[in-house]
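Asker: Chains as they are written, first to last, in this note's numbering: chain A, 704 to 1044; chain B, 17 to 266. Glycine included, C-beta positions come from ideal geometry on N, C-alpha and C.
(1) Can you give me the C-alpha to C-alpha distance between residue 266 of chain B and residue 62 of chain B, rounded to a whole angstrom?
(2) Would you decide whether residue 823 of chain A is buried or exposed? Buried here means 16 or more other CB atoms lie within 10 Å of its CB.
(3) Does residue 109 of chain B come within less than 8 Å of chain A when only Cβ atoms are used?
(4) Per DSSP, what kind of secondary structure is residue 955 of chain A in: helix, strand or coil?
(5) Whole angstroms is fine: what's the gap from residue 170 of chain B's alpha carbon to residue 36 of chain B's?
(6) For the alpha helix (DSSP H) that residue 222 of chain B lies in, which residues bound it at each end?
(7) Give a yes or no on whether the C-beta atoms belonging to residue 140 of chain B and residue 157 of chain B are separated by under 8 Å.
(8) Name, in chain order, the residues that DSSP records as bridge partners for residue 74 of chain B.
(9) Based on Cα-Cα distance, which residue from A/1016, A/938, A/881 and A/977 lies nearest to residue 1030 of chain A?
(10) The ligand FMN heavy atoms versus the CB of residue 1042 of chain A: any closer than 7 Å?
(11) Are the Cβ atoms of residue 181 of chain B and residue 123 of chain B separated by less than 8 Å?
(12) Do you know whose CA, among B/218, B/150, B/258 and B/232, lies nearest residue 243 of chain B's CA?
(13) Compare the C-beta of residue 113 of chain B against all C-beta atoms of chain A and say whether one is closer than 8 Å.
(14) So what does DSSP say about residue 829 of chain A, is it helix, strand or coil?
(15) Using a cut-off of 7 Å between C-beta atoms, extract the partners of residue 724 of chain A located in chain B.
(16) Pick helix, strand or coil for residue 945 of chain A, following the three-state DSSP scheme.
(17) Kindly indicate which residue of B/255, B/72 and B/102 has the alpha-carbon position closest to the one of residue 40 of chain B.
(18) From the DSSP output, in three-state form, read off residue 982 of chain A for me.
(19) Starting from the beta carbon of residue 718 of chain A, find every residue of chain B whose beta carbon is closer than 8 Å, and list them in chain order.
(20) Please state the DSSP three-state secondary structure of residue 180 of chain B.
(21) Would you say residue 69 of chain B and residue 925 of chain A are within 8 Å of each other, going by their C-beta atoms?
(22) Can you check whether the C-beta of residue 71 of chain B is within less than 8 Å of a C-beta belonging to chain A?
(23) Quick one: grab the DSSP three-state call for residue 866 of chain A.
(24) Mark residue 55 of chain B as exposed unless 16 or more other C-beta atoms lie within 10 angstroms of its C-beta, in which case mark it buried.
(25) Given this structure, state the Cα-to-Cα distance separating residue 1014 of chain A from residue 792 of chain A, to the nearest angstrom.
(26) Per DSSP, which one or two residues make a beta bridge with residue 244 of chain B?
(27) On the criterion of 16 or more Cβ atoms from any shown chain inside 10 Å, does residue 196 of chain B qualify as buried, or is it exposed?
(28) So, at 6 Å on beta carbons, what are the nonlocal neighbours of residue 29 of chain B in its own chain, with the 5 sequence-adjacent residues on each side left out?
(29) If you measure between the beta carbons of residue 753 of chain A and residue 881 of chain A, is that distance less than 8 Å?
(30) Rounding to the nearest angstrom, what Cα-Cα distance links residue 1040 of chain A and residue 980 of chain A in this structure?
(31) For a contact defined as C-beta to C-beta under 7 Å, what are the partners of residue 138 of chain B on chain A?
(32) Along the region 213 to 238 of chain B, what residues have a CB closer than 7 Å to any CB found in chain A?
(33) Quick one: does residue 735 of chain A have its CB under 8 Å from some CB of chain B?
(34) How many whole angstroms separate the CB atoms of residue 916 of chain A and residue 110 of chain B, which I take to be in contact at a CB cut-off of 8 Å?
(35) Determine, using beta-carbon pairs with one atom in the region 112 to 122 of chain B and one in the region 190 to 208 of chain B, whether at least three such pairs fall under 8 Å.
(36) Helix, strand or coil, according to DSSP, for residue 1032 of chain A in the structure here?
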């Protein structure tokens, strides 16, 4: 230690325990392995429901992209569908114009959404949650109306016709049973998840948490808060765009739905339902919402929204932290009981 | 000796109110200077002007000969001008180790890195742990900051600033709210700071001021009333009248 230095800079083997502890926090847990084996099992156990589970994967990715900006950076958005929809239309229009290669379509969707995300991020930098809600909502409404009016490009209210997606890697056709679509969606979700998981466990991710928990302290730590927010908002937009492109490619169709306010609200709902700031909450919430919709609409075709509405209210009142928050509290209780016994 | 932090003709108006009135401050390198003044004398506003949280209506702020008046907060921190807050500004959901690692990572310019995990930055974590150890906070390194006793949170508040290796440290009432029994650790930490760190202490607690400071600046109604060594300040009749007289009653 040099005299006058505040902190020792040499390697300090004394603190290996602290390093190991943080490494443990970021390590993969058994439950996570189980989580990612489940989709493989689903493929064999419920082969008739693959279309439904593709929707879950796509909604899950969309929700995770929102969780990154909402649950980690604390930026609330009511217009995240702008990026989902733009990605969807970008991939759709590319395919309609004659380039139906799925992977490049996905990249194109992500890129288009990322450019819009970067451009509009400067509008959400400043201001309170309320201004952010209005700005994000405004941007998505504008985009919706633009897509509605530009019929020559988007097909307007009829949706985009003639989207033809080529076989994946030139081998696997997008079949009627949705097998290719399912595998493709799950793999894209998993790879995107790996990247986003790395992001939230990085020093950048820690700075995002810092911004959410105390935005006032961050500049005093020397963090350029605006630059970090621009980065995370753009990354969130890219993955939302990828999710939108995935929807277009697996359904070979895009309609104005993808840009609607409902879609933004649904993403927000899914994140809160599953548990914000957990990443997995996005997929769990999407699973809960889509499966509940499927089951309830079978039981009571007219009233399913009524029952989902009740379920949401119950959940925010009785299960703070969403489904995952509830699950982790139950695990803690079980551990305590078994520990006492 | 030369001044490291200076202000020249600094003014701050809020509407018709003059909160900072022609402040010319020159803090020498390695100084232990205190800034005292009654409530509403404009101490915290002055800190905000120095750190860039506020932009002055007129005047200059100069750090090591460089005019930093127009620079945002985070860039001043990168230059070594670091502050602590009168009211703790911590990260309640983080552990002290995570928060300190965040500060160390920021100093090393690592918070733009998203492709490597924090856990793989061993040097950052070890440095953060060493700092917590020095502050006596290592035993609660993994606890939730928000659940720690106030005195420990107060130490962490200063720890986060130290993790940035400041050349000029502005301490905004570091002892505020700390119970008597817990303040000894805090004073010891401040007394141990090396001379390479210039310290400006903004404080109400006269005990701490006279124990720590070698030079005292008295602020009254946003203007500097007098500046000098503690003996001169405590003997100054004007100071006794406007400030010390009141403090002795309390």
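Answerer: Answer, in terms of the structure:
(1) The predicted model places residue 266 of chain B with a pLDDT of 37, which falls under 50 and marks its position as unreliable, so this point remains unresolved.
(2) buried
(3) yes
(4) coil
(5) 28 Å
(6) 222 to 228
(7) no
(8) B/27
(9) A/977
(10) The model on display carries no ligand, and the ligand FMN is accordingly not part of it.
(11) yes
(12) B/232
(13) yes
(14) coil
(15) 158
(16) helix
(17) B/72
(18) coil
(19) 141, 142, 145, 146 and 149
(20) coil
(21) no
(22) no
(23) coil
(24) exposed
(25) 33 Å
(26) B/232
(27) exposed
(28) 73
(29) yes
(30) 28 Å
(31) 722
(32) none
(33) no
(34) 7 Å
(35) no
(36) helix
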